[in-house]
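The structure appears below as structure tokens.
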Amino acid sequence: MSRETDTFLSAEQAAHVKERANWIRRQALLMAHRAGQGHPGGDMSAADILATLYFGVMRIDPAVPDAPGRDRFVMSKGHCTGALYSALARAGFFPVEELKTYLQPGSRLNGHPNRTYLPGVETNTGPLGHGLPVAVGIAVAGQIDAADYHVFALTGDGELQEGSMWEAAMFAGHRRLGNLTAIVDRNGLQQGATTEDTNALEPLADKWRAFGWEVAEVDGHDVAALLSVLAIPAVRRARPLCVIARTTKGRGVSFMENQAGWHHGTPSDAQLAQALAELDAELQA
Amino acid sequence: MSAAVPATGMFDCRNAYVETLEALAGEDSRIVAVVNDSIGSSKLGKFHERFPERLINVGIAEQNMVGVGAGLANGGKVPFVSGAACFLTGRALEQIKADCAYSNANVKLCGISSGVAYGELGATHHSIEDLAWLRAMKGLTIIVPSDPWETAEAIRWAAAHQGPVFIRISRMPVPALPRPADARFEIGKAELLRDGGDVAVVTCGTLVHHALAAADILAAEGIEARVLNMATIAPFDVEAVVAAAGTGGIVTAEEHVVRGGLGGAVAECVVAERPVPVRILGFPGFLPTGSAEWLMEQHGLSAAGIAQAARDLVARRG
């Protein structure tokens, strides 16, 4: 797969990604419902970003998950495993059927991703503030080797309250890591309240720019927009890119949207039925 | 800060570390060094001159440094992450746990100026809790070399090993230990430096030569002390400790607090397998300022102090 084909966008490609984002949402809800635990608000928020990366942008081969030249994805917001595992299963890293074991005793589908169990996971995350530094390290390795793989890290927005994220951001800017893209899932909510009421992040784009990054702001649920900003240009960028993806926590399920309470949570039988019906309707639309 | 100039016949193990690393880097292009503004204190100046692209200085940011190390390993590198042991372990403890040990990342963490090497700088700069912190993490190999030969062997072993390793390197001058010509570094195995059946001294790092001197003092009094160099703290050589318990009593000595370090590991073994008295020599907690030698002397971590502890154990047994 060449980079040139990745940058060729079409309505067909966007539809392909959208179908998978919808599927990821459905699976994440089913997983949380079955397990009685999960982070469905953040899963819904990140679904379009994950679908865009796994089904529209990244060069990966699930048959050779450790191929040295693969593009890397680091899930810095490691609690959103409902969405991550669904994307990995759909991409072919493990059987879709295995999603049913989510959080069951001894399952490879741990509450937070583990690379030693599960192919496709690049580093173990869960505690916040870890993924971006690791992504920076991978990008430095690629820079030293003049390799052409690209590194993507998806961070939460609340996660940016961790100092280690800014240690990593500062160093990535200093090293001019053009092979690194950080995507901020900017849904505005952290566990208990809005980010701005808790420890405000704005002006967020200015902060990244001040650290030496290029910044793009997009609607994080507009797949065509995500595709165009995340596709790797034929000519490598001179600086790392931060994509601030404006998203809605709980997106796609009316009663979850923008509700901090759905950070953790489990849909009841009736809520699950309603949520799946709404997602079906969206897909038909 | 004490001068790092070695006395006659004494060595700064940092030199063995960097010379070995440089030699290995010349043979293996995957080897990179990662530092936190510590090129000088890690003595990596020559490495930097020789391999400028392969020295990654993240600045004063230990959490990022360890995360970057894990990322470099993911990208196929063999990173040696060096920084003052107190900050490398304390500041980035969760990164060592999640990014290195739990992720089984191929990262080599080198804690420099460990123990009380920075004696005069005070308790913030002493690294005397690190073994307790790290020993609790499964999957992390922990090595505390005692002299230049063992330091070089540990670095070579770590470079060849696939998985996370912590190596605790001092800056205090130590002699090269007497060893047979065919001595081999074996990970996870205690080194029997001196046999004896009356009492055993289990130690590591900068205290090994003091333990040997203590055994000389004891021998002059008719007490034969076995001396074990326990350079590998994890995985731990249970068998050697159980055999040492056969002498009837064990003294441990380490540049660490008495809780949770080498002495703790020995005590865990002995209690489970062959209960005998264990006297743990180490520090009680946060220490005042003072040279490393003074601090060790004050806490019985000298040849005379180790000998006294052993003598007491033997006398107690009657």
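In order, the protein sequences belong to chains R and Y. Just so you know, we're using our numbering here: the first sequence kicks off at 391 and counts up by one. Just so you know, we're using our numbering here: the second sequence kicks off at 7 and counts up by one. Just so it is clear, CB atoms sit at the ideal spot from N, CA and C, and this is done for glycine as well.
Closest in C-alpha terms to Phe463 (chain R), from the list R:Asp451, R:Ser476, R:Leu443, R:Ala453, comes R:Leu443. The Cβ atoms of Ala123 (chain Y) and Asp153 (chain Y) do not sit closer than 9 Å to each other. By the rule that beta-carbons nearer than 9 Å mark a contact, His429 (chain R) does not touch chain Y. Taking CB atoms only, Glu156 (chain Y) has no neighbour in chain R less than 9 Å away. For Glu227 (chain Y), the three-state secondary structure derived from DSSP is coil. The continuous stretches of beta strand (DSSP E) do not include Pro523 (chain R), which lies in the alpha helix (DSSP H) extending over residues 521-535. When the alpha-carbon of Ser400 (chain R) is set against those of R:Glu586, R:Asp587, R:Leu616, R:His540, the nearest one is in R:Leu616. Taking C-alpha positions only, Gly202 (chain Y) is separated from Arg232 (chain Y) by approximately 4 Å.
C-alpha of Arg480 (chain R) to C-alpha of Ala562 (chain R): approximately 31 Å in a straight line. When rounded, the separation of the alpha-carbon atoms in Val486 (chain R) and Glu192 (chain Y) is 45 Å. If you ignore the 5 residues before and after Ala457 (chain R), its C-beta comes within less than 7 Å of the C-beta of Asp451, all in its own chain and listed in chain order. Rounded to whole angstroms, Gly291 (chain Y) and Gly96 (chain Y) show a C-alpha spacing of 15 Å. For Leu140 (chain Y), the uninterrupted alpha helix (DSSP H) run begins and ends at 136-141, by DSSP.
Close CB contacts of Pro85 (chain Y) within its chain, under the 7 Å cut and outside five residues either way in sequence, are with Val38, Val40, Gly75, Leu78, Ala79, Val113, Lys114 (chain order). With distances taken between CA atoms, Gly501 (chain R) lies nearest to R:Tyr475 out of R:Tyr475, R:Phe484, R:Pro523, R:Gly482. With contacts defined by Cβ atoms closer than 9 Å, Thr295 (chain Y) and Glu135 (chain Y) do not form a contacting pair. Thr506 (chain R) counts as exposed, since fewer than 16 other C-beta atoms from the protein chains shown sit within 10 angstroms of its C-beta. Annotated three-state conformation of Arg576 (chain R) is strand, per DSSP. Excluding five sequence positions before and after Val205 (chain Y), the CB atoms of its chain that fall closer than 6 Å to its own CB belong to Ala231, Thr253, Gly255, Ala316, Leu319, Val320, given in chain order. Around Ile528 (chain R), the beta-carbon contacts reaching into chain Y at under 8 Å are Gly77, Leu78, Asn80, Gly81. Among the residues facing chain R, Asn112 (chain Y) is not included, as its CB has no counterpart in that chain under 9 Å away. Annotated three-state conformation of Asn235 (chain Y) is strand, per DSSP. Bridge pairing for Ser133 (chain Y): Y:Gly121 [DSSP].
Under the Cβ criterion of 9 Å, Pro85 (chain Y) is counted among the residues facing chain R.
The three-state reading of DSSP puts Glu604 (chain R) in strand, counting E and B together. Using a 10 angstroms sphere on the CB of Ala165 (chain Y), the tally of other CB atoms reaches 16 or more, which defines it as buried.
Fewer than three beta-carbon pairs drawn from the stretch 599-613 of chain R and the stretch 533-550 of chain R are found closer than 8 Å, and the two stretches are therefore not classed as touching. Of all residues in the stretch 645-660 of chain R, none has a C-beta nearer than 9 Å to a C-beta of chain Y.
DSSP lists Y:Gly117 as the bridge partner or partners of Gly89 (chain Y). Here the alpha carbons of Leu673 (chain R) and Leu146 (chain Y) stand approximately 48 Å from one another.
The Cβ atoms of Leu669 (chain R) and Gly431 (chain R) lie no closer than 9 Å to each other. In this structure, Y:Val276 is the residue among Y:Ile229, Y:Ala138, Y:Val276, Y:Ala158 with its C-alpha nearest to the C-alpha of Asp243 (chain Y).
Under the three-state reduction of DSSP output, Glu260 (chain Y) falls in the strand class.
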